[in-house]
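S.K.:
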Amino acid sequence: MKAEGICKRYKSFFGKSSEVLKDISLDIRSDEIFGILGPNGSGKTTLISIFSTLIYPERGRLRVLDLDPRNDKDAIRKKINISTAKPNFPWSLTVRENLKHYAMLYGMYGSDLKRSVDDQIEAFELGEYRDIKFEDLSTGLKQRLSLAKAMLNNPRLLFLDEPTTGLDPEIAMKTRQLISRIHREDKVSVILSTHYMPEAEMLCDRIAFLRHGQVVAQDTPQNLKNQLHLGERMILHYRGQVEIDELEHIPGVMKFKAEAGRVEIIIDRTAENVDRIIKLFAGANILNIEIKEPDLEDVFLELAR
């Protein structure tokens with residue numbers, strides 16, 4: 004997928020126009036899970052809607068699976084699918100009936116329809132719930148059904164918009180494992196929108212951060228940490244007197260914050276500078292040392308400023 008200069012505006016009830024997306028350019032490979040991250044209101048859902056041909060941009064060029072969404076929308080839709088947060092299916096239909104309903108919408112019938120529905124019920128472990136109405140399913144099962152629906156047409160490209168929103172931690176983890184399995188075993192390209200940093204770090208090969216409708220960073224999680232000079236966090240608890248200000252003179256110490264008996268130090272860690280920090284505290288009683296690597300949460304906070 005390739006986007007060049009994508010822009011999107013929305014008009015309010017009072018006629019005012021606001022630009023939701025500004026000059027978005029992305030080149031997404033077919034062999035990756037690509038994450039679109041950003042705070043609420045940054046334009047993630049609008050961008051997913053454009054990529055999945057639900058809406059069109061005012062300006063810019065877009066190619067989806069080497070096709071033009073304006074001229075080849077039907078051909079694209081046969082090869083893609085989408086699963087969103089808080090899925091809303093016909094409430095009175097059972098799991099099986101909902102899957103049959105959507106399979107028919109995708110042009111399936113007869114033995115192909117039955118085989119596809121049965122395959123997804125098995126793949127997403129919905130067998131014991133096949134005759135349960137949608138309205139009686141738990142939030143996690145509704146999300147699982149949404150993913151099963153999204154795989155009915157064997158898509159080459161899958162869009163996931165906040166796929167684990169509202170799920171408890173155990174079900175959310177199982178959902179991420181399903182997404183990883185779909186990508187790995189079924190060779191499906193995945194574009195994932197999320198605001199949950201551990202999810203993105205677990206699943207995504209590369210990510211783009213949106214802020215106020217613009218891409219402010221794009222790379223692998225590790226490269227983004229390196230580019231932003233996000234050092235490791237060293238938290239040291241101690242008892243006694245220490246010349247804390249001497250930390251400023253130790254190479255690799257980027258910043259530090261001290262309070263009674265505790266200091267938090269951001270460092271570009273090497274064995275030498277850690278050793279010098281420990282020696283600074285030689286006259287005190289060190290109670291505990293904890294070193295944490297930077298994660299996407301740190302990247303997010305830095306880029307959202």
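According to my numbering, the stretch in the sequence shown is residues 4 to 308, in order.
Quick reminder that beta carbons are idealized off the backbone N, C-alpha and C, glycines included.
(1) Which of the three DSSP states is assigned to D122 in this structure?
(2) Do the stretch 246-260 and the stretch 276-296 meet, that is, are 3 or more Cβ pairs less than 8 Å apart?
(3) Ignore the nearest five residues each way along the sequence and tell me which others in P254's own chain have a CB closer than 7 Å to its CB.
(4) As a quick exercise: from L116, F17 and S33, pick the residue whose alpha carbon is nearest that of R187.
(5) My output table needs one value for F54: the three-state DSSP class, helix, strand or coil.
(6) Opposite K136 in the DSSP bridges: which residues?
(7) Count the other CB atoms within 10 Å of the CB of A153; is the residue buried (16 or more) or exposed (fewer)?
(8) So the candidates are D69, D30 and Q123; which of them puts its Cα closest to the Cα of V98?
(9) What residue ranges within the stretch 162-249 form continuous alpha helix (DSSP H) runs of no fewer than 4 residues, ordered along the chain?
(10) Do you know how far the Cα of A287 is from the Cα of T178?
(11) What is the C-beta distance between D164 and T87, in whole angstroms, given that I count them as a contact (C-beta under 8 Å)?
(12) If you follow the alpha helix (DSSP H) that I253 is part of, which residue opens it and which one closes it?
(13) I believe L29 touches A211 by the beta-carbon criterion, under 8 Å. Please report the beta-carbon distance rounded to the nearest angstrom.
(14) Taking Cβ to Cβ, would you say L206 is nearer than 8 Å to L155?
(15) Is the stretch 50-58 touching the stretch 77-85 in the sense that three or more CB pairs, one from each, lie closer than 8 Å?
(16) Could you tell me the alpha carbon to alpha carbon distance between L195 and E61, rounded to whole angstroms?
(17) Need the endpoints of the beta strand (DSSP E) that I79 sits in, please.
(18) Is it buried or exposed, E202, if we count other Cβ atoms within 10 angstroms and call 16 or more buried?
M.R.: The short version:
(1) Reduced to three states, the DSSP call for D122 is helix.
(2) Contact annotation: the stretch 246-260 touches the stretch 276-296, with at least three C-beta pairs closer than 8 Å.
(3) Contacts found: N276.
(4) Cα-wise, what sits closest to R187 is S33.
(5) F54 falls in the helix class under three-state DSSP.
(6) Under DSSP, K136 shares a beta bridge with T97.
(7) Around the CB of A153, 16 or more other CB atoms lie within 10 Å, so the residue is classed as buried.
(8) Ranked by Cα distance from V98, the first of D69, D30 and Q123 is Q123.
(9) Counting only runs of 4 or more, we get 172-189, 200-206 and 224-230.
(10) Each residue's Cα considered, the two are about 48 Å apart.
(11) Confirmed, about 5 Å.
(12) For I253, no alpha helix (DSSP H) run applies, since DSSP gives it neither H nor E.
(13) Taking C-beta atoms under 8 Å as the contact rule, L29 and A211 qualify, at a distance of about 6 Å.
(14) With contacts defined as CB atoms closer than 8 Å, L206 and L155 fail to qualify as a contacting pair.
(15) In the pairwise beta carbon analysis, the stretch 77-85 is classified as touching the stretch 50-58: at least three pairs are separated by under 8 Å.
(16) Counting only the Cα atoms, E61 lies some 23 Å from L195.
(17) Per DSSP, I79 belongs to no beta strand (DSSP E); it is in the alpha helix (DSSP H), K76 to R80.
(18) Looking at its Cβ environment, which holds 16 or more other Cβ atoms inside 10 Å, E202 is buried.
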